[in-house]
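For what it's worth, the numbering used here labels the leading residue of the sequence shown as 20, then goes sequentially. We put the beta carbon where it would ideally sit given N, CA and C, even for glycine. First up is the structure itself, then whatever we jot down about it.
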Amino acid sequence: MLQSIPTIDICTLADDIKQDDILISRFASYLDAHKNLFFPHRHSFYHLVLFTDGGGSHTIDFESFEVRPGQIYFMIPGQVHSWAFEGFTDGYIINFSSSFIQSFLLRSGYFDNFNFLNGNPKDEVVDLPANQLPEIIALFERIVSEVEKPAVLGSDMVRVLMLQLFILINRCQGKGDSFGKQGYNQTLIRNFQKLIEQHYIDVKLPKDYAELLYITPNHLNAVCKDVLGLSAGEVIRNRTLLEAKRLLTNPRLNISEIAFNLNFSDNSYFTKFFKKIEGITPEEFRKKTLNNKS
Numbered sequence: 020m021l022q023s024i025p026t027i028d029i030c031t032l033a034d035d036i037k038q039d040d041i042l043i044s045r046f047a048s049y050l051d052a053h054k055n056l057f058f059p060h061r062h063s064f065y066h067l068v069l070f071t072d073g074g075g076s077h078t079i080d081f082e083s084f085e086v087r088p089g090q091i092y093f094m095i096p097g098q099v100h101s102w103a104f105e106g107f108t109d110g111y112i113i114n115f116s117s118s119f120i121q122s123f124l125l126r127s128g129y130f131d132n133f134n135f136l137n138g139n140p141k142d143e144v145v146d147l148p149a150n151q152l153p154e155i156i157a158l159f160e161r162i163v164s165e166v167e168k169p170a171v172l173g174s175d176m177v178r179v180l181m182l183q184l185f186i187l188i189n190r191c192q193g194k195g196d197s198f199g200k201q202g203y204n205q206t207l208i209r210n211f212q213k214l215i216e217q218h219y220i221d222v223k224l225p226k227d228y229a230e231l232l233y234i235t236p237n238h239l240n241a242v243c244k245d246v247l248g249l250s251a252g253e254v255i256r257n258r259t260l261l262e263a264k265r266l267l268t269n270p271r272l273n274i275s276e277i278a279f280n281l282n283f284s285d286n287s288y289f290t291k292f293f294k295k296i297e298g299i300t301p302e303e304f305r306k307k308t309l310n311n312k313s
């Protein structure tokens, strides 16, 4: 597959940090060191930012959000984002690999329970309550201090503090009581979405995913409608559409190349697919998106 959108690695950004699986910085310093990161790009790692100062907007997978002090956002690997800040912007940033945290946990799926790490932009952006903000900022300061003044078992301390941070954010979202208490339907949907993420390029039909899940297509469809309000086919098509939008942000890729990347038989079929769901052609979406960035 063609390299479609610039993908940033932690080691690319962390010239002054020895570890390739984590980067921790004050946000103003990070922006000053990486002035070219305002264009749409995606990461190979998890990414979070807490804003303590600034304005403007930022986008995650084509959802736009106003920048506000006291706002924190999360992103999972593969999502596309860009910034359009106004004035001085500061806060904290942490980029980390899955292995940095998972290696510290006995339960491999533990982080799947955090709503803000589910890949849905509306869940990933959290405006923190004013009464919780001092405690969360203090946690970030402790995390930064572990990097600025390395000590014995410093990486493990960072892991512990990050886990504490995630639990506090989860409480701010009001999700604490339901954490880890997923029923059968929710677990099935999560497994379905994981399979889509792995196979959406080549596997297009609900019956094929149902076979991988050892259930019938009708059962999969019923659970999707119950939990998501969508048919199984819509869930699959929406993932393909999202990737199409991501690829369209790269003006160096023509429409035929994008259709090929997404395993469509020809450009015409891809255009019909895109317009049927989005209401505009891929070319129109690209012009609209690029005009918004200029």
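Using the Cα positions of residue i and residue j, report the straight-line distance between them to the nearest angstrom.
i	j	result
residue 118	residue 61	18 Å
residue 276	residue 97	19 Å
residue 80	residue 261	8 Å
residue 266	residue 102	18 Å
residue 11	residue 209	Because the chain here runs from 20 to 313, residue 11 falls outside it and cannot be looked at.
residue 138	residue 227	23 Å
residue 14	residue 296	Since the first and last residues shown for the chain are 20 and 313, residue 14 lies out of range.
residue 186	residue 290	43 Å
residue 184	residue 191	11 Å
residue 89	residue 46	13 Å
residue 128	residue 303	40 Å
residue 99	residue 212	18 Å
residue 152	residue 113	17 Å
residue 149	residue 54	30 Å
Mind checking whether residue i and residue j have CB atoms under 8 Å apart?
i	j	result
residue 219	residue 259	yes
residue 166	residue 207	no
residue 74	residue 106	yes
residue 292	residue 279	no
residue 234	residue 43	no
residue 50	residue 159	no
residue 254	residue 204	no
residue 135	residue 145	yes
residue 56	residue 91	no
Would you mind sorting residue i into buried or exposed? The rule is 16 or more other CB atoms within 10 Å of its CB.
i	result
residue 169	exposed
residue 273	exposed
residue 264	buried
residue 269	buried
residue 177	buried
residue 172	exposed
residue 224	exposed
residue 251	buried
residue 310	exposed
residue 189	buried
residue 155	buried
Taking residue i and residue j to be in contact with their CB atoms under 8 Å, please state how far apart those CB atoms are, rounded to whole angstroms.
i	j	result
residue 40	residue 93	Actually they do not touch by this definition, with Cβ atoms about 17 Å apart.
residue 231	residue 214	6 Å
Please name the residue, chosen from the options, that lies closest to residue i on a Cα-to-Cα basis.
i	options	result
residue 143	180, 110 and 77	77
residue 4	239, 181 and 248	No answer is possible for residue 4: the residues shown for the chain start at 20 and end at 313.
residue 286	301, 249, 306 and 176	301
residue 82	59, 89, 211 and 72	59
residue 140	113, 151 and 85	85
residue 271	71, 150 and 305	305
residue 179	153, 53 and 120	120
So that I know if they touch, is there some Cβ in chain B lying closer than 8 Å to that of residue i?
i	result
residue 294	Absent from the structure is chain B; it holds one protein chain and no more.
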